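Below you'll find the structure, written out as structure tokens, and then a few comments.
2 protein chains.
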Amino acid sequence: MTKAFSKTPPPPYYIVAFSSRKTEGDNGYAEMAKAMEELALQQPGCLGAESARGDDGFGITNSFWKDEESMKVWKANVDHKLAQKLGREIFYSHYVIRVAKVERDYSFEKADI
Amino acid sequence: MTKAFSKTPPPPYYIVAFSSRKTEGDNGYAEMAKAMEELALQQPGCLGAESARGDDGFGITNSFWKDEESMKVWKANVDHKLAQKLGREIFYSHYVIRVAKVERDYSFEKADI
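The listed protein sequences derive, respectively, from chains D and Y.
For the first sequence, position 37 matches number 37 in full-length UniProt numbering, and the numbering has no gaps at all.
For the second sequence, position 100 matches number 100 in full-length UniProt numbering, and the numbering has no gaps at all.
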């Protein structure tokens, strides 16, 4: 999974905030997640994705999108549809997806010393 | 840190998506983060918070807020201001904050079997 910050453009753009709790064991999850992230980043209108998951199995992936159309196309992508199905059947015990329009952002980066 | 899902109300509401990379070592971070989360959850208009951080130090906290006013009051909270300062000076090498208005959400929870 991407562990770096996404270089998103100035707002407005969209965020899809995906919180999830994994079931126990990998069961092919790491491979699927990597493939889906790579595929998402290839979609027109995908502006990046940031992910974190702790040892307790609770994780958050925030992905960034240009507009409603690009999110809609990704949601309906055939390979992604299969991953969604596997997510519900195997990988996740619980997830919540929130779609939100980014209005502003700000950041901090420590200067190299 | 909260490792559970927040019971957010039907949209619209706001999400503050906070992505960060920690500096090495704890340096009092765990204690500060716990205190800030508890304080945030006590704020009027705070609807919850979800957090995940991986072993590589990259983490995401998504917090949920009723409206612009509640986010503004929290941002200006005196104890939170101090935590922000310590965050820049000690705890974080890089962070990005995105403020977004949630338009829709959906969820999945596996039935107990």
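Note that beta-carbon positions come from the ideal geometry of N, C-alpha and C, so glycine has one too.
Here the structure is a predicted model, which means the values were calculated and not measured.
Three-state class that DSSP yields for residue i in the structure shown
i, result
"Y:Ser70", "helix"
"Y:Gly57", "coil"
"D:Ser6", "coil"
"Y:Glu38", "helix"
"Y:Met1", "Here Y:Met1 scores only 45 on pLDDT, less than 50, and its place in the model should not be relied on; the value that follows carries that caveat. Y:Met1: coil per DSSP, three-state reduction."
"Y:Glu89", "helix"
"Y:Glu24", "coil"
Start-to-end residues for the beta strand (DSSP E) that takes in residue i
i, result
"Y:Ala100", "92 to 109"
Range of the contiguous alpha helix (DSSP H) that encloses residue i
i, result
"Y:Lys84", "A small correction: the amino acid at residue 84 of chain Y is Gln; Lys does not occupy that position in the sequence shown. Here the alpha helix (DSSP H) through Y:Gln84 covers 78 to 86."
Candidates the options, of which the one nearest residue i by Cα
i, options, result
"D:Phe5", "Y:Ile97, Y:Leu39, Y:Glu68, Y:Tyr106", "Y:Ile97"
"Y:Lys22", "Y:Ser107, Y:Ala49, Y:Leu86", "Y:Leu86"
"Y:Lys56", "Y:Val78, Y:Asp67, Y:Tyr13, Y:Tyr92", "It is worth fixing the name first, because residue 56 of chain Y is Asp in this sequence and not Lys. Ranking the options by Cα distance to Y:Asp56, first place goes to Y:Tyr92."
"Y:Met32", "Y:Ala52, Y:Gln43, Y:Ile90, Y:Ser63", "Y:Ile90"
"D:Glu68", "D:Asp26, D:Val16, D:Gly48, D:Val78", "D:Val16"
"D:Phe58", "Y:Tyr95, Y:Glu50, Y:His94, Y:Ser107", "Y:Glu50"
"D:Ser19", "D:His94, D:Ala30, D:Met71", "D:His94"
Name, going along the chain, the residues of the region 3 to 31 of chain D whose beta-carbon falls closer than 7 Å to a beta-carbon of chain Y.
Lys3, Phe5, Ile15, Ala17, Ser19
Listed from N- to C-terminal order along the chain, which residues in the region 60 to 80 of chain D have their beta-carbon within a distance smaller than 7 Å of any beta-carbon of chain Y?
Ile60, Asn62
Tell me which residues of the region 96 to 109 of chain D have at least one Cβ-Cβ distance to chain Y shorter than 9 Å, keeping chain order.
Val96, Ile97, Arg98, Val99, Ala100, Lys101, Val102, Glu103, Arg104, Asp105, Tyr106, Ser107, Phe108, Glu109
Output, in sequence order along the chain, the residues in the region 34 to 62 of chain D whose CB is closer than 7 Å to any CB in chain Y.
Glu50, Ala52, Arg53, Gly54, Asp56, Phe58, Gly59, Ile60, Asn62
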